[in-house]
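Chains as they are written, first to last, in the UniProt record's numbering: chain A, 1 to 375; chain B, 1 to 318.
In what follows, a single structure is set out as structure tokens and then discussed.
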């Protein structure tokens, strides 16, 4: 690898680093990386750290003492606190976070109306981007309390790793949209509900909307829109605020990838976006890289020797070992080639490789091992 | 080649899901290629705007059109379609309401963006609705496609994606959207459909596979096969090896038998055995799901055209 080595310890030790965002394609070990980074910050660098996870594997969550989505940071037991550090972890409850945002921005009566609306119920639990938006909202909240030295965020398993960057903007665009304003127009001008729009206007637009969606749905929708109207400003303001925090030097983005073509392609795409949005990209974490303990023995030679041993019937165990070695060397070379497609394209982005573990990580010891490999 | 594979993959709509990173797009593409053998025509569909098919086949990004992306020996062909929810909505409006240019006007005011964003349930009905339309379409008394393969959302979202009626019922109590979603739901619950789950022999993908199968069973959506992707042969055929044995064997083979080499190889064998044992455990867990398992080999050079053909052949043998 030509790129400079990513100095994770330097990053975590720096008191100016307040937020670490782990992002990358699905299945590359983002959550594990986030947890390992958080653990190392607490144990080695003595920082009061909270890890915000989105959808951790059950056993990893259990190892950190998380049993349910509850939006409350819980202190992780069994970690070394001699340096004065603490590790807390929480799982994002998307719906509850959304509910809290609503409650903060409107009157209790309005909030109750919003909660009862079927559109809100659908949107708060399934809106494409809600999870991403709420992850960023929660990050903003955690940062605002200023009670954490370091916040480590694991980004949602989106269809695209970029969704969480785009979601706040998409939501505010949506809330500002012309469509909403059109739907709202009668409500604002004194009409009681969508019905005024639907029945009073013979415009193509309203007729079409009614035909396609049906009247009941329109009533619910207009109720929802009218109720949300009071919160537009607050929503957009918060989305903008979070976006600015992400751009601030107090934040460090860690791109996480595994040495597979798709994951590396996604990481490259993400790196471009982060640069374009002027987000502070700290570096690339290449998970699950294999390494050989016998670099001097090439694959072909190892395999030829294995075949010779098999042919002579001598030491089948050594023949196995040589084939295992040959496969490992080939895999290592393949992974290096895939990784190089990123480091060649982004020579200025520091990178660090984390050696693949024979079994999955799901306890604090395993996270500690990953943390030391990272640092 | 003429058609015995059809009995092994009896459904006409094959939905391929799996955890992110397990290679579900490659498996979906290989299945579409395999099922096109013997002069058949198949359609490979993606719905998440990822352009994964275009990347896999190294073509330009796919438009919202059914275009041929591969010819298969024996006169078969695979067409591909990237369903875009906005385009699907416009098409739907045009088909049922003859909106034409008026539909474009809706887009101008943001109505399309609105309808496809506000409720993913609506969006998913549009996406699955298009898949249903392609699956059931016929012209001149002949089906447009012998099989449709859907590169579906990952395991974490598959239940919600396919359970369209439940999602839209929350919003639309009556009207065309409800009718549309009911049509999709009945197709998805019929023997025409089969959902295949792609996994690697790693803990999280296997866990998600089992979770997804349980969820689909609850939803009464037919589960087809578990596709074990990127499997590697178990190379430790004779078990543990001692360092003394390694030293002797290396000398026998004329290789350096110094302590560093012996220790290094011993470590590598140990790691391989750990991995092999874990994979055995995971294989057993998957077998307990009671679904047929199909194994696909790891392609050392990555998934290129030749690799896809190899996977297609392996799927059709299964």
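Built from N, CA and C at the ideal position, the CB exists for glycine as well.
This one's a predicted model, so the numbers in the text were calculated from it and none came from an experiment.
Euclidean distance between Cα positions of residue i and residue j
i, j, result
"residue 87 (chain A)", "residue 42 (chain A)", "6 Å"
"residue 333 (chain A)", "residue 260 (chain A)", "12 Å"
"residue 379 (chain A)", "residue 24 (chain A)", "Within the shown structure, residues of chain A are numbered from 1 to 375, placing residue 379 (chain A) beyond reach of any answer."
"residue 209 (chain B)", "residue 158 (chain B)", "11 Å"
"residue 129 (chain B)", "residue 52 (chain A)", "37 Å"
"residue 54 (chain B)", "residue 46 (chain B)", "10 Å"
"residue 156 (chain A)", "residue 92 (chain A)", "10 Å"
"residue 297 (chain B)", "residue 232 (chain B)", "6 Å"
"residue 320 (chain A)", "residue 309 (chain B)", "30 Å"
"residue 155 (chain B)", "residue 323 (chain A)", "35 Å"
"residue 65 (chain A)", "residue 56 (chain A)", "12 Å"
"residue 222 (chain A)", "residue 114 (chain A)", "11 Å"
"residue 311 (chain B)", "residue 137 (chain A)", "43 Å"
"residue 136 (chain B)", "residue 269 (chain A)", "37 Å"
"residue 198 (chain A)", "residue 89 (chain B)", "Per-residue confidence for residue 198 (chain A) stands at a pLDDT of 39, beneath the threshold of 50, marking its modelled position as unreliable; the derived number appears in the next sentence. Straight-line Cα distance between these residues: approximately 21 Å."
"residue 167 (chain B)", "residue 195 (chain B)", "19 Å"
"residue 186 (chain B)", "residue 178 (chain B)", "12 Å"
Candidates the options: closest to residue i by CA position
i, options, result
"residue 188 (chain B)", "B:211, B:205, B:223 and B:203", "B:223"
"residue 147 (chain B)", "B:50, B:164, B:77 and B:23", "B:77"
"residue 307 (chain A)", "B:254, B:75 and B:214", "B:254"
"residue 315 (chain A)", "B:137, B:122, B:247 and B:142", "B:247"
"residue 341 (chain A)", "A:305, A:309, A:281 and A:267", "A:267"
"residue 73 (chain B)", "B:36, B:123, B:26 and B:85", "B:36"
"residue 19 (chain B)", "B:10, B:197 and B:286", "B:197"
"residue 295 (chain A)", "B:291, B:267, B:217 and B:144", "B:267"
"residue 252 (chain B)", "A:305, A:90 and A:122", "A:305"
"residue 30 (chain A)", "B:32, B:14 and B:204", "B:204"
"residue 202 (chain B)", "A:245, A:110 and A:358", "A:358"
"residue 181 (chain B)", "B:275, B:271 and B:123", "B:123"
Close Cβ partners of residue i (< 6 Å) along its chain, the five nearest in sequence each way excluded
i, result
"residue 318 (chain B)", "294"
"residue 241 (chain B)", "269"
"residue 153 (chain A)", "21, 52 and 139"
"residue 82 (chain B)", "46 and 62"
"residue 299 (chain A)", "326, 329 and 330"
"residue 346 (chain A)", "271"
"residue 365 (chain A)", "none"
For residue i, three-class secondary structure by DSSP
i, result
"residue 194 (chain B)", "strand"
"residue 205 (chain B)", "helix"
"residue 192 (chain A)", "Any reading at residue 192 (chain A) needs caution, since the residue's pLDDT is 43, under 50, leaving its predicted position unreliable; the model's value is listed next. Reduced to three states, the DSSP call for residue 192 (chain A) is coil."
"residue 64 (chain B)", "coil"
"residue 254 (chain A)", "strand"
"residue 287 (chain A)", "strand"
"residue 14 (chain B)", "strand"
"residue 231 (chain B)", "strand"
"residue 353 (chain A)", "strand"
"residue 75 (chain A)", "strand"
"residue 67 (chain A)", "coil"
"residue 199 (chain A)", "Because residue 199 (chain A) sits at a pLDDT of 40, beneath the cut-off of 50, its placement in the model cannot be relied upon, and the point is left open."
"residue 298 (chain B)", "coil"
"residue 361 (chain A)", "coil"
"residue 26 (chain A)", "coil"
"residue 303 (chain B)", "coil"
Close beta carbons around residue i, own chain, < 8 Å, minus the five adjacent residues each side
i, result
"residue 153 (chain B)", "17, 47, 48 and 161"
"residue 313 (chain B)", "34"
"residue 66 (chain B)", "43, 79, 80, 81 and 134"
"residue 338 (chain A)", "259, 260, 261 and 264"
Residues near residue i by beta carbon distance below 7 Å, same chain, minus five either side
i, result
"residue 200 (chain B)", "22, 229 and 230"
"residue 28 (chain A)", "256, 257, 258, 263 and 287"
"residue 184 (chain B)", "125, 128, 129, 132 and 164"
"residue 59 (chain A)", "362"
"residue 353 (chain A)", "286 and 289"
"residue 241 (chain A)", "140"
"residue 291 (chain B)", "213, 223, 225 and 226"
Heavy atom of the ligand ATP within 7 Å of residue i beta-carbon
i, result
"residue 71 (chain A)", "The model on display carries no ligand, and the ligand ATP is accordingly not part of it."
When Cβ atoms are compared, which residues of the region 266-277 of chain B fall closer than 7 Å to chain A?
-> 267, 268, 269, 271, 272, 274 and 275
Mind checking the region 292-303 of chain A against chain B and listing, in chain order, the residues whose C-beta falls within less than 9 Å of any C-beta there?
-> 292, 293, 294, 295, 296, 297, 301 and 302
Report the residues of the region 310-330 of chain A with a CB closer than 8 Å to any CB of chain B, ordered along the chain.
-> 312, 314, 315, 316, 317, 318, 319, 320, 321, 322, 323, 324, 325, 327, 328 and 330
Quick one, which residues of the region 247-259 of chain A are near chain B if we go by CB-CB under 9 Å, in chain order?
-> 258
Give the residues from the region 42-63 of chain A that approach chain B closer than 8 Å (Cβ to any Cβ), ordered along the chain.
-> 55, 57, 58 and 59
Can you give me, in chain order, the residues of the region 18-29 of chain A that have a beta carbon less than 8 Å from any beta carbon in chain B?
-> 25, 26, 27 and 28
Please list the residues of the region 259-270 of chain A that have a C-beta atom closer than 8 Å to any C-beta atom in chain B, keeping them in chain order.
-> 260, 261, 262, 263 and 265
Using Cβ-Cβ distances below 7 Å, what residues of the region 288-308 of chain B are close to chain A?
-> 300 and 302
Below 8 Å between beta carbons is the criterion; list the residues of the region 355-373 of chain A that meet it against any residue of chain B, in chain order.
-> 358, 359, 360 and 362
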